[in-house]
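See structure below.
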Amino acid sequence: MASSALPKPNFRSALCYYYSSDKSECLQEIVSSYLHRLGPRQLPTQFALTDISFIPCMLVPHGAYCDSGPLYAHAYFWINSFLFDTVLIIGTNHSGAGSSKMSLSPDSWQTPIGTVDIDMDLFHAFVSMFGETIIDREAHRSEHSVENQLPFLKHLRSDVKFVALSFSRLKDLTQGHQICQQIQQAIQLYRQRTGKRVVIVSTTDYTHYGPGYNDIHAKNLSENEEYARVHDKPILQSILSNDASQLFETQRTTQNSMCGLWPSLIIMILSRLLNENKGQWNLLCYHVSSEVIKRGNDVCGFASFVYSNN
């Protein structure tokens, strides 16, 4: 396919499965997340310039705002201290839809608080590095993990642009490293061509446990909460190790039901490549969903991590 035959940017409609489709209500959900007792308890204000040579990275939830919004808020409050023009969002592919294990969206995405436009310069940098077969609308059509980040980003920066990338299961960690080297090259190409600043947001949730997740005997909420905390602890520790291979092995041996293993592995590898190992993963917060809002006996583990050089 010639480059002139690339799909024209379209507008992906918001699913709004995990937050309100009403503009004012969606904004209130975001504000409430910042002010929540488990959130930063303050709204983000004027952003400050930090180290512009450093590319900040985050690993955040993609759950419903009602039960994980305060954890999103911690991460987006942190990223507000950086100047940035565009965001690479790395999501998971829950359904396995589409034709590729790694899928690039060619579209701008709508949200209740406004459209977030695709950064065509970054999009073309990815296409030049990976080829046109990476473009896949279908993988993103019904996927919420990327979409759930956009209202928070739009609230922070009304003119922010983004590119959406999703992953299903890769062959092995070696393939993950190879892909990250190509992503690094695409980002470097983008920065050389445009001089723009980029941040990277990746997303996963952790243990899913309770009757609603087919654990029919898990009927005691406090026991389910403890189950999630115990099973998530080694996963959280492996992310803090800065070693993607440790996370890969920990998930393999524990069979933790995290629904963003590959986005987590990719961001761990990529953060070190882009910043020449000059950073460290830090845990901002971890909670189980029932600490935010109790809904029956089901629980899900949520956390926000940031890759920082200070």
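According to numbering that gives the first Met the number 0, numbering within the sequence shown proceeds without interruption in unit steps and concludes at 309. Using N, Cα and C, we set each Cβ at its ideal position, and we do this for glycine too.
In chain order, what residues of the same chain have a beta carbon less than 7 Å from the beta carbon of residue i, not counting five sequence neighbours either side?
{"i": "L235", "result": "L282, Y285, A302"}
{"i": "I266", "result": "C56, L58, I89, I199, S201"}
{"i": "Q245", "result": "S237"}
{"i": "H143", "result": "L14, Y16, Y17, H61"}
{"i": "S19", "result": "C25, E28, P111"}
{"i": "R168", "result": "K100, W261"}
{"i": "F151", "result": "I29, Y71, Y75"}
{"i": "G97", "result": "D135, E137, A138"}
Going by beta carbon distance, what residues of the same chain come within less than 8 Å of residue i, once the five residues before and after it are set aside?
{"i": "L34", "result": "R40, Q41, L42"}
{"i": "N9", "result": "P105, D106, S107, R136"}
{"i": "P6", "result": "P105, I134, R136"}
{"i": "I215", "result": "none"}
{"i": "I268", "result": "G175, H176, C179, A243"}
{"i": "P210", "result": "A217, K218, G295, N296, D297"}
{"i": "I292", "result": "C65, D66"}
{"i": "D21", "result": "P111"}
{"i": "D204", "result": "P60, H61, G62, S67, M257, C258, G259, C299, G300, F301"}
{"i": "H73", "result": "G38, P39, L283, C284, S303"}
{"i": "S52", "result": "none"}
Our contact map puts residue i next to residue j with C-beta atoms below 8 Å; I'd like the distance itself, whole angstroms only.
{"i": "N255", "j": "D231", "result": "7 Å"}
{"i": "L155", "j": "Y75", "result": "6 Å"}
{"i": "I117", "j": "K170", "result": "The pair is not a contact, with the Cβ atoms about 28 Å apart (cut-off 8 Å)."}
{"i": "R11", "j": "H93", "result": "That pair is no contact at about 16 Å."}
{"i": "L87", "j": "V162", "result": "5 Å"}
Rounding to the nearest angstrom, what Cα-Cα distance links residue i and residue j in this structure?
{"i": "S240", "j": "L172", "result": "16 Å"}
{"i": "S127", "j": "G194", "result": "18 Å"}
{"i": "Y226", "j": "T249", "result": "17 Å"}
{"i": "T206", "j": "M257", "result": "5 Å"}
{"i": "Q177", "j": "L220", "result": "42 Å"}
{"i": "D84", "j": "K218", "result": "47 Å"}
{"i": "T91", "j": "V145", "result": "8 Å"}
{"i": "D297", "j": "S288", "result": "8 Å"}
{"i": "F129", "j": "N223", "result": "43 Å"}
{"i": "L103", "j": "L164", "result": "5 Å"}
{"i": "S270", "j": "P262", "result": "12 Å"}
{"i": "N308", "j": "K153", "result": "25 Å"}
{"i": "F304", "j": "P233", "result": "15 Å"}
{"i": "E131", "j": "F122", "result": "10 Å"}
{"i": "D158", "j": "T252", "result": "43 Å"}
{"i": "G259", "j": "G300", "result": "12 Å"}
{"i": "W77", "j": "Q187", "result": "24 Å"}
{"i": "I54", "j": "S31", "result": "28 Å"}
{"i": "N274", "j": "F247", "result": "21 Å"}
{"i": "R196", "j": "I182", "result": "15 Å"}
{"i": "L70", "j": "Y306", "result": "16 Å"}
{"i": "M119", "j": "F166", "result": "20 Å"}
{"i": "Y208", "j": "V229", "result": "12 Å"}
{"i": "R192", "j": "E290", "result": "46 Å"}
{"i": "S3", "j": "T44", "result": "At S3 the pLDDT is 49, less than 50, meaning the model places this residue with poor confidence and gives no usable figure here."}
{"i": "S141", "j": "Y189", "result": "28 Å"}
{"i": "L149", "j": "W280", "result": "23 Å"}
{"i": "S23", "j": "R36", "result": "21 Å"}
{"i": "N147", "j": "G95", "result": "18 Å"}
{"i": "F81", "j": "N276", "result": "19 Å"}
{"i": "G278", "j": "L264", "result": "16 Å"}
According to DSSP, what are the bridge partners of residue i?
{"i": "G300", "result": "V287"}
{"i": "Y208", "result": "V298"}
{"i": "C56", "result": "I199, Y306"}
{"i": "R86", "result": "First, the amino acid is wrong: residue 86 is Val here, not Arg. Beta-bridge pairing links V86 to F161, V198."}
{"i": "N213", "result": "None, per the DSSP bridge assignment."}
{"i": "M257", "result": "Per DSSP, none; premise fails for M257."}
{"i": "N281", "result": "V305"}
{"i": "V115", "result": "W108"}
Given residue i, which residues of its chain have a CB within under 6 Å of its CB, disregarding the five upstream and five downstream residues?
{"i": "F125", "result": "L103, A185"}
For a test of your reading of the model: does the CB of residue i fall under 7 Å from any non-hydrogen atom of the ligand ATP? Yes or no.
{"i": "L172", "result": "In the structure on display, the ligand ATP does not appear, and there are no ligands present to speak of."}
Original post:
Would you say the stretch 109-124 touches the stretch 65-80, given that touching needs at least three Cβ pairs under 8 Å?
Top reply: no
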